[in-house]
Amino acid sequence: WVADHVVIHELGMKEDPSPSLLDPYCGTGDFLSAAIRAVRQGISERKGDEFDLIFDAPEKIRGIDRDPLAVEIARVNYLLALGQLVQEEHPQFLMPIYLADASVQFRPVSNDDSVITLSTSEGDFLLPAPFIQNPLLPDWVLGRITNYMDGAQLRLHVQPEEVAIQEVLNAYYNYLTAPKPRTPVPDALTPRQADVLLETARRLVELHIRGEGTLWLHLVQNMAGPAILSHRCFDRLAYQGPTSIFDIYSDIYLRSGGQAAIVTSEADAQTPSSRHRMLTSESRFSGATILLCGL
2 WVADHVVIHE
12 LGMKEDPSPS
22 LLDPYCGTGD
32 FLSAAIRAVR
42 QGISERKGDE
52 FDLIFDAPEK
62 IRGIDRDPLA
72 VEIARVNYLL
82 ALGQLVQEEH
92 PQFLMPIYLA
102 DASVQFRPVS
112 NDDSVITLST
122 SEGDFLLPAP
132 FIQNPLLPDW
142 VLGRITNYMD
152 GAQLRLHVQP
162 EEVAIQEVLN
172 AYYNYLTAPK
182 PRTPVPDALT
192 PRQADVLLET
202 ARRLVELHIR
212 GEGTLWLHLV
222 QNMAGPAILS
232 HRCFDRLAYQ
242 GPTSIFDIYS
252 DIYLRSGGQA
262 AIVTSEADAQ
272 TPSSRHRMLT
282 SESRFSGATI
292 LLCGL
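Mapping of the sequence shown onto this note's numbering: position 185 corresponds to residue 186, and the numbering continues sequentially without gaps.
Rendered as structure tokens:
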């Protein structure tokens, strides 16, 4: 009920149109579920069509966390908050909760920001800019590489590893540079963009052959989350955690003029970040303090 109070009474999620909201420290998804309930309540009070929520929520209400179990629970709670809408026939949507560290910023590797790099213990994975501008691309286009991983594995019975990998990458390149009509991502990549993605694809296929399966593919898809969401920018931030990380989150994700609510301990609330303005700290919930921050 703390989350419900925050998103309805402090962040105005029942308004029309509802603001976008990110929880960059989402845990099991309390703020995300509360935001969905608030938007749904607002639609109902205005006698609107609740089915609109199935389009609006995944676009506007998103989360990140670095705990795999918490993310899985948050995704389930997200669906539960949507309720009957996802039990009936509905359009497909991308679950907008990423397994990643929201405080890690991506690094552009060219002056025009046309390529970004995701750094891991297995080296850098490069993604072309459209994969950050359109969150469907990492899921749809990069996700298709599983077919090519399996193809490379089969070819190892009759071909050297280097040849097997190169042949499936040639086929993947043709897929990347071809139009994809009747799909959510119909536009072809440019040769330059395809070349960038092919280097990431090569590393993923090599890791698959080494016995890593699709682990690194899923990691790369999720690690792109902070870059995707920072490109999006949000009207509201809400999270439960320390105020010390607010500066990082606001710089990366909060649009100019946006608002944030932080549920934190009373002790932590006494030393708020110098970068935000405390609007109120009077609401106490079982030893917690709500800080409202306007930029």
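Ideal Cβ positions, reconstructed from N, Cα and C, are used throughout, including at glycine. This one's a predicted model, so the numbers in the text were calculated from it and none came from an experiment.
Within 10 angstroms of its Cβ, does residue i collect 16 or more other Cβ (buried), or is it exposed?
i, result
"aspartate 188", "exposed"
"lysine 48", "exposed"
"asparagine 112", "Legend: pLDDT at asparagine 112 = 48, less than 50; position of this residue unreliable, no value from coordinates given."
"serine 45", "exposed"
"glycine 124", "exposed"
"arginine 276", "Residue confidence for arginine 276 is low, a pLDDT of 49 falling below 50, so the modelled location carries little weight and cannot support an answer."
"arginine 183", "exposed"
"alanine 179", "exposed"
"glycine 226", "buried"
"serine 122", "exposed"
"tyrosine 254", "buried"
"serine 34", "buried"
"leucine 23", "buried"
"valine 142", "buried"
"arginine 211", "exposed"
Which residues in the same chain as residue i place their Cβ atom closer than 6 Å to its Cβ, once the five residues preceding and following it in sequence are excluded?
i, result
"methionine 224", "Ala101, Leu119"
"valine 169", "Tyr149, Gly152, Ala153"
"valine 206", "Met150, Ala153, Ile166"
"glycine 242", "Tyr26"
"phenylalanine 286", "Model confidence at phenylalanine 286 stands at a pLDDT of 47, short of 50, so the residue's coordinates are unreliable; what they give is reported in the following sentence. The answer, listed in chain order, is Val3."
"leucine 80", "Val87"
"leucine 216", "none"
"leucine 208", "Trp217"
"aspartate 31", "Ala4"
Leaving out five residues before and five after residue i in sequence, what residues of the same chain have Cβ atoms less than 7 Å from its Cβ?
i, result
"arginine 76", "Met96, Ile98"
"alanine 71", "Gly28, Thr29"
"arginine 256", "Cys234, Phe235, Asp236"
"aspartate 17", "Gly43, Arg47"
For the alpha helix (DSSP H) that contains residue i, what are its first and last residues?
i, result
"glutamine 241", "No alpha helix (DSSP H) holds glutamine 241; the beta strand (DSSP E) holding it covers 235–241."
"arginine 156", "146–156"
"aspartate 66", "Premise fails: aspartate 66 lies in the beta strand (DSSP E), 62–66, not in any alpha helix (DSSP H)."
"tyrosine 176", "162–177"
"leucine 22", "No alpha helix (DSSP H) holds leucine 22; the beta strand (DSSP E) holding it covers 22–24."
"glutamine 381", "Any question about residue 381 goes unanswered here, given that the chain covers just 2 to 296."
"histidine 219", "216–224"
"threonine 201", "192–208"
"glutamate 46", "31–46"
"aspartate 5", "3–6"
Who are residue i's beta bridge partners in DSSP?
i, result
"valine 116", "Pro129"
"serine 251", "None, per the DSSP bridge assignment."
"glycine 124", "Thr121"
Using C-beta distances below 8 Å, list every residue in its chain close to residue i, excluding the 5 sequence neighbours before and after it, in chain order.
i, result
"leucine 86", "Glu51, Phe52, Leu54, Ile55"
"proline 192", "Thr178"
"threonine 147", "Thr215, Leu218"
"alanine 39", "Asp5, Val8, Ile9, Met14, Lys15, Ser19"
Looking at the unbroken beta strand (DSSP E) that takes in residue i, where does it start and where does it end?
i, result
"isoleucine 98", "98–100"
Residue i: beta carbon under 7 Å from a heavy atom of the ligand GTP?
i, result
"leucine 230", "This structure lacks the ligand GTP; in fact it carries no ligand of any kind."
Cβ contact check for the stretch 236–248 and the stretch 8–15: 3 or more pairs under 8 Å: yes
Closer than 8 Å is the cut-off here; do at least three beta carbon pairs connect the stretch 162–180 with the stretch 192–208? yes
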